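**Student:**
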Amino acid sequence: MTDEKSGEDIYGKAYTESNEPIFSGIPTFLKLPQVDRENLSEEAVDIAILGAPLDTATTIRPGTRYGPRAVRAASTVPSPPYQHFNIETGVDPFDTFKVVDTGDAQISPGDTRQSQLNIEDAVAEISEQATPIIIGGDHSISHPDIKGWAEANDYEDIGLIHIDCHADTGDDGLTGFEYDHGAWVKRVYDEGIMAGENYTLIGPRGFWPGPETYEEMREAGMKWYTSMEVGNMDLDEIVADAVKRATDGTDAVWLSFDVDAMDPAYAPGTGEPEPGGLIPREAIYMVREIVKALDPDNFGFDVVEVSPAYDTSDTNSYNGGVTSGFANRLIIEVMGSMALAKKGLEEGSPIKPKEPLGLQGDVEAPADD
Ligand SMILES: [Mn+2]
């Protein structure tokens, strides 16, 4: 590690000595410290977590208002925050970043548009001080997420990498609502802060949106890799292309992950599941590699559409439903890759066996008789 800081330096003795089980106590994200948004400027915070429990811009099944709470609580790792050394990647984000949970944006039940504007304000507020990581909520939150983040940082041109089953490029929702969860990409595009050439979608499949919308996306210079293409192509090539497109002439990059990109077998807890999706290793690998290649100081992330009532294993998610646990894990992976990027490292320092991997030494040929 090139960085001399440790989790203990960042979080103090209380965390070193903390041995409270994960199921006990107040469930902030990974039981990280909670800091109110108005007090953020008083602390040197690197990453600020925000919940956006809005689900009234959903077309089919609601329930993602319970997403942030479930994702926060979903952790099977009974450790304090500073001990998240990832044994595969060899990095612990909490050795590099001070991460805090800033609670939820104010939702006004029944008033979808006002709630979205509140989310925009809350994201702008945290983005003044830190890199924002937002937990949805339905996918309509990504328009206010990106708008608040871009405004706080004076970004004029942003790149967008969007991992999702659906393009979300509709002009509006089913009966005309402009800020529907299937229209947020179009809203971002219409803001004039994202060129089509800086947009890449990974994971689409199924039947929505229709060919006219895909034709418009094509004309706008947008690019996409379908779920089947993810399965059949070299993931490194997809990652490199998405990163190149997102960073080409832009000030910053937003990564938006809709859990319905995943095959429903791996993420059943969502409103609009569609067969034939990504597997967790593909998604985790791509997210790791994408974020590692981006500037962590000009970056934002959201994970959306976790709907705990449809989840399995633990629908309360007080120790990790399948889907809420996956979303929780994605956030840790994102922060780990941000830490590598911050240190200028290509790879972390995983502990490996003494002997190289694979069969070693002379192998005796089977007896020939
Ligand atoms: Mn979506």
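This note's numbering applies: residue 1 is where the sequence shown begins, and numbers increase by one. In this text, a Cβ means the ideal position worked out from N, Cα and C, and glycines have one as well. This one's a predicted model, so the numbers in the text were calculated from it and none came from an experiment.
1) Name the one or two DSSP bridge partners that tyrosine 225 has.
2) With hydrogens ignored, establish whether the beta-carbon of glutamate 305 is closer than 7 Å to any heavy atom of ligand 1.
3) Given a cut-off of 8 Å on the beta-carbon distance, is the pair lysine 292 and alanine 261 in contact?
4) In three-state DSSP terms, what is glutamine 34?
5) Shorter than 7 Å, the distance from the beta carbon of phenylalanine 181 to the closest heavy atom of ligand 1, or not?
6) Could you tell me the alpha carbon to alpha carbon distance between glutamate 347 and methionine 338, rounded to whole angstroms?
7) Check whether the Cβ of histidine 139 sits closer than 7 Å to any heavy atom of ligand 1, and report yes or no.
8) Which residues bound the alpha helix (DSSP H) around glycine 336?
9) In chain order, what residues of the same chain have a beta carbon less than 8 Å from the beta carbon of lysine 354, not counting five sequence neighbours either side?
10) For glutamate 229, which option in Trp254, Ala367 and Gly277 has the closest C-alpha, if you only look at C-alpha atoms?
11) Looking only at its own chain, which residues have a Cβ that is under 7 Å from the Cβ of lysine 5, when we skip the five neighbours before and after it?
12) Contact defined as beta carbons within less than 8 Å: I believe leucine 50 pairs with isoleucine 126. What is the distance between those atoms, to the nearest angstrom?
13) May I ask which residues mark the beginning and end of the beta strand (DSSP E) holding histidine 162?
14) According to DSSP, simplified to helix, strand and coil, what is leucine 40?
15) Asparagine 328 and valine 71: beta carbons closer than 8 Å?
16) Between which residues of its own chain and arginine 61 is the CB-CB distance below 6 Å, once the five residues before and five after are set aside?
17) Between aspartate 164 and ligand 1, is the CB less than 7 Å from at least one heavy atom?
18) State the CB to CB distance for the pair aspartate 145 and glycine 300, rounded to an integer number of angstroms; the pair is presumed to be in contact (CB under 8 Å).
19) Can you tell me whether aspartate 180 is buried or exposed? The criterion is at least 16 other CB atoms within 10 Å of its CB, across all chains shown.
20) If we call anything under 8 Å between Cβ atoms a contact, is valine 363 one with glycine 137?
21) For the beta strand (DSSP E) that contains threonine 131, what are its first and last residues?
22) Determine which residues share a DSSP beta bridge with alanine 52 and list them.
23) Where do the ends of the alpha helix (DSSP H) carrying threonine 247 lie?
24) So what does DSSP say about tryptophan 254, is it helix, strand or coil?
25) Compare the C-alpha of glycine 170 against each of Thr226, Gly320, Glu212 and Lys147 and name the closest.
26) List the residues that DSSP assigns as beta-bridge partners of phenylalanine 301.
27) Going by DSSP, which residues form a beta bridge with methionine 217?
**Tutor:** In this structure, then:
1) In the DSSP output, where bridge partners are listed per residue, tyrosine 225 has Ile202.
2) Distance from the C-beta of glutamate 305 to the nearest heavy atom of ligand 1 is below 7 Å.
3) Inclusion of lysine 292 and alanine 261 in the CB contact set at 8 Å is not warranted, their separation being larger than that value.
4) Strand.
5) Residue 181 is actually histidine in this sequence, not phenylalanine. Yes, the Cβ of histidine 181 comes within 7 Å of a heavy atom of ligand 1.
6) In a straight line, the C-alpha of glutamate 347 is about 12 Å away from that of methionine 338.
7) Flag set: Cβ of histidine 139 near ligand 1.
8) Judged by DSSP secondary structure, glycine 336 falls within the alpha helix (DSSP H) whose first and last residues are 322-343.
9) Same-chain partners within the cutoff: there are none.
10) Checking every option, the nearest Cα to that of glutamate 229 belongs to Gly277.
11) Only Asp95 and Thr96 meet the Cβ criterion.
12) Yes, they are in contact, since the Cβ atoms of leucine 50 and isoleucine 126 sit about 6 Å apart, within 8 Å.
13) Bounds of the beta strand (DSSP E) holding histidine 162 are 158-163.
14) Leucine 40 falls in the helix class under three-state DSSP.
15) A contact, by the Cβ cut-off of 8 Å.
16) Close CB contacts of arginine 61 within its chain, under the 6 Å cut and outside five residues either way in sequence, are with Gly271 (chain order).
17) Correct: aspartate 164 has its Cβ closer than 7 Å to ligand 1.
18) Going by Cβ atoms, the distance from aspartate 145 to glycine 300 rounds to 7 Å, so yes, they are a contact pair.
19) So aspartate 180 counts as buried.
20) Against a cut-off of 8 Å, the Cβ pair of glycine 137 and valine 363 comes out as no contact.
21) If you look at threonine 131, you'll find it in the beta strand (DSSP E) that goes 131-136.
22) Looking at the DSSP assignment, alanine 52 forms a beta bridge with Gly136.
23) Residues 235-247.
24) Strand, per DSSP.
25) Per the Cα distances, Glu212.
26) Its beta-bridge partners are Ile133 and Leu255.
27) Beta-bridge pairing links methionine 217 to no other residue.
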